[in-house]
Amino acid sequence: MYGNDFTQQPIVEIAEDDADFQAILDADGRIEPRDAMPEAYRKNLIRQIAQHAHSEIIGMQPEGNWITRAPSLKRKAILMAKVQDEAGHGLYLYAAAETLGADRADLLDLLHTGRQKYSSIFNYPTLTWADMGAIGWLVDGAAIVNQVPLCRCSYGPYARAMVRVCKEESFHQRQGFEILHTLSHGTPAQKAMAQDAVDRWWWPSLMMFGPPDESSPNTERSMRWGIKRFSNDELRQRFVDMTVPQAQALDLTLPDPQLSWDAATGHWEYGAIDFTELFEVIKGNGPCNAQRMAHRRRAHEEGAWVREAALAYATKRDAEREAEPPAAVA
Amino acid sequence: MTQSPGHDLSAEGGHGAVPTTGVPATSGRAVRDWPLWEVFVRARRGLSHGHVGSLHAPDAEMALRNARDVYTRRQEGVSIWVVPAAAISASSPDEKDAFFDPAGDKVYRHPTFYDVPDGVEHL
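Top to bottom, those sequences are chains A and B. The numbering of the first sequence is our numbering, which starts it at 64 and goes up by one. The numbering of the second sequence is our numbering, which starts it at 395 and goes up by one.
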């Protein structure tokens, strides 16, 4: 999938306006790991892929919270499979970042010391079982809208990883929808639980697309480089248009009194988003920021002896093999 | 609208809004990790193994087990090879250089180079 830089070649840096490089991008071609590329392109991608990977890894926590309390064995098996997928997505992405000359261990260190971030959406708590439905349907639904264009990203290894991730996310979104559908067609208490979850997750899901276009100055360069294909607002609108009819099918309401169909534009109009909340969560003041980071650091520290023991065992086995006399050749 | 907290934010990456400025790409510090392995999977009988990705593992046995969990969770393969990434020799750092040029002007290696008179079949 990735096509690593197998042999350690020196990284070749070129000017940001290099004609050959831009010609590949303009022809909708792909940049591969051993190509010369501008330093800013490389760093931009490492940062983006690393923070995407961190989001997948931290994203295991809100759902892992419900594995032991899933309402049936079937739901538990599904939830475990989904959380395993998130781990897998993180690993595909760290591998893609490594093709650009980053080290996975270094990227993890940057996460653990708070120098690189993960998506703010995972700093919200999962209070009820219905949150597993709302996360799958809304959060993974928004992720798919973000990720599908990345399958055509100009950097080959990232694009290939995203193809695989998108296939797997489809299961995530459907299982979330099914959880909410089952609840909303159950007892009044179950339906109320589903509605409460949707009420809490709707606005944070819209914030996942980032600030409005006029305050996203970095978007232009990412677009020119074929890393980003659509603006924050375009993707947000696509998500709203896709989701409103699904909410109707669920017989649940979206918590926005201004939500209305605009026949002239062919889009659903939505109310103003309070971005103050997003900025507060990103600054570290969300409900679960401290808890998520503490848990991640603890898991990493508690796994240190396993990493060291496995390496010591491998080193010992290598030494034993070298000490053995070579097998006789007949 | 409220201004963002000192850095630009974008929905780049799958799960949305993250800071895009003031974030280092790497620290430049070498951290010890398990070796890197490249993973090749035979999707089904009749096909050759193809490269699917890479992973870190302490030894070949663990690399195979990790490859099964990371790359074949949905029965994507019937056989896996793992190869230490450091053991692979690659053609050249730049994929568009002269290494492949000798094949560039030998169009006569393709059957479409040859004229066949009308009416001649099975050729």
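Note that beta-carbon positions come from the ideal geometry of N, C-alpha and C, so glycine has one too.
Reduced DSSP secondary structure (H/G/I, E/B, other) of residue i
{"i": "Pro496/B", "result": "helix"}
{"i": "Glu241/A", "result": "helix"}
{"i": "Arg215/A", "result": "helix"}
{"i": "Trp129/A", "result": "coil"}
{"i": "Ile87/A", "result": "helix"}
{"i": "Pro452/B", "result": "coil"}
{"i": "Ile482/B", "result": "coil"}
{"i": "Met271/A", "result": "coil"}
{"i": "Ser294/A", "result": "coil"}
{"i": "Glu432/B", "result": "strand"}
{"i": "Trp200/A", "result": "helix"}
{"i": "Ser278/A", "result": "helix"}
{"i": "Ile74/A", "result": "coil"}
{"i": "Asp172/A", "result": "helix"}
{"i": "Pro418/B", "result": "coil"}
{"i": "Glu332/A", "result": "strand"}
{"i": "Gly153/A", "result": "helix"}
{"i": "Ser442/B", "result": "coil"}
{"i": "Ser285/A", "result": "helix"}
{"i": "Gly92/A", "result": "coil"}
{"i": "Asp259/A", "result": "helix"}
{"i": "Pro134/A", "result": "coil"}
{"i": "Gly447/B", "result": "strand"}
{"i": "Ser182/A", "result": "coil"}
{"i": "Asp304/A", "result": "helix"}
Through-space distance from residue j to residue i, alpha-carbon basis
{"i": "Ala437/B", "j": "Val464/B", "result": "14 Å"}
{"i": "Ala257/A", "j": "Asp337/A", "result": "23 Å"}
{"i": "Ala484/B", "j": "Arg97/A", "result": "10 Å"}
{"i": "Arg462/B", "j": "Gly444/B", "result": "14 Å"}
{"i": "Ala140/A", "j": "Arg167/A", "result": "29 Å"}
{"i": "Met195/A", "j": "Glu149/A", "result": "14 Å"}
{"i": "Gly177/A", "j": "Ala206/A", "result": "23 Å"}
{"i": "Met270/A", "j": "Trp368/A", "result": "39 Å"}
{"i": "Leu322/A", "j": "Ala353/A", "result": "34 Å"}
{"i": "Thr70/A", "j": "Gln253/A", "result": "Its pLDDT being 47, under 50, Thr70/A is placed unreliably by the model, and nothing is read from it."}
{"i": "Ile77/A", "j": "Ala159/A", "result": "21 Å"}
{"i": "Phe84/A", "j": "Ala99/A", "result": "8 Å"}
{"i": "Leu154/A", "j": "Arg439/B", "result": "27 Å"}
{"i": "Gly164/A", "j": "Asp81/A", "result": "20 Å"}
{"i": "Gly416/B", "j": "Tyr181/A", "result": "14 Å"}
{"i": "Ala113/A", "j": "Glu161/A", "result": "9 Å"}
{"i": "Asp381/A", "j": "Ala372/A", "result": "14 Å"}
{"i": "Gly513/B", "j": "Val211/A", "result": "50 Å"}
{"i": "Asp453/B", "j": "Pro429/B", "result": "8 Å"}
{"i": "Thr396/B", "j": "Glu343/A", "result": "The predicted model places Thr396/B with a pLDDT of 44, which falls under 50 and marks its position as unreliable, so this point remains unresolved."}
{"i": "Phe234/A", "j": "Leu142/A", "result": "11 Å"}
{"i": "Met356/A", "j": "Asp91/A", "result": "39 Å"}
{"i": "Ile94/A", "j": "Gly334/A", "result": "40 Å"}
{"i": "Gly66/A", "j": "Phe493/B", "result": "Because the pLDDT at Gly66/A is just 48, under 50, the model does not fix this residue reliably, and the value given afterwards should be weighed accordingly. Gly66/A and Phe493/B: Cα-Cα distance of roughly 19 Å."}
{"i": "Trp288/A", "j": "Phe302/A", "result": "24 Å"}
{"i": "Phe293/A", "j": "Ala375/A", "result": "48 Å"}
{"i": "Thr191/A", "j": "Thr378/A", "result": "47 Å"}
{"i": "Met64/A", "j": "Pro220/A", "result": "Legend: pLDDT at Met64/A = 39, less than 50; position of this residue unreliable, value from coordinates given subsequently. Near 6 Å, if we compare the C-alpha coordinates of Pro220/A and Met64/A."}
{"i": "Thr466/B", "j": "Val446/B", "result": "10 Å"}
{"i": "Pro418/B", "j": "Thr506/B", "result": "53 Å"}
Supposed close pair residue i, residue j - CB separation, criterion 8 Å
{"i": "Ala222/A", "j": "Cys216/A", "result": "4 Å"}
{"i": "Ile474/B", "j": "Val435/B", "result": "6 Å"}
{"i": "Ser183/A", "j": "Leu341/A", "result": "6 Å"}
{"i": "Tyr187/A", "j": "Pro267/A", "result": "6 Å"}
{"i": "His175/A", "j": "Arg360/A", "result": "5 Å"}
{"i": "Gln300/A", "j": "His330/A", "result": "6 Å"}
{"i": "Thr414/B", "j": "Asp169/A", "result": "No, Thr414/B and Asp169/A are not in contact; Cβ-Cβ is about 19 Å, not under 8 Å."}
{"i": "Thr306/A", "j": "Gly204/A", "result": "6 Å"}
{"i": "Ser448/B", "j": "Val433/B", "result": "6 Å"}
{"i": "Ala451/B", "j": "Trp431/B", "result": "6 Å"}
Residue i classed as buried or exposed, judged by whether at least 16 other C-beta atoms fall within 10 angstroms
{"i": "Ala457/B", "result": "buried"}
{"i": "Asn209/A", "result": "buried"}
{"i": "Lys137/A", "result": "exposed"}
{"i": "Lys291/A", "result": "buried"}
{"i": "His115/A", "result": "buried"}
{"i": "Arg468/B", "result": "exposed"}
{"i": "Ser279/A", "result": "buried"}
{"i": "Arg384/A", "result": "exposed"}
{"i": "Asp314/A", "result": "exposed"}
{"i": "Arg105/A", "result": "buried"}
{"i": "Gly400/B", "result": "The predicted model places Gly400/B with a pLDDT of 49, which falls under 50 and marks its position as unreliable; any figure quoted below should be read in that light. Exposed."}
{"i": "Leu249/A", "result": "The displayed chain sequence assigns Gly, not Leu, to residue 249/A. With fewer than 16 Cβ atoms within 10 Å of its Cβ, Gly249/A is classed as exposed."}
{"i": "Glu231/A", "result": "buried"}
{"i": "Ala224/A", "result": "buried"}
Touching by the beta-carbon criterion (3+ pairs, under 8 Å), the region 240-247 of chain A and the region 196-208 of chain A: yes
Meets three-Cβ-pair contact criterion under 8 Å: the region 422-432 of chain B and the region 104-124 of chain A: Output reads no: the region 104-124 of chain A does not touch the region 422-432 of chain B.
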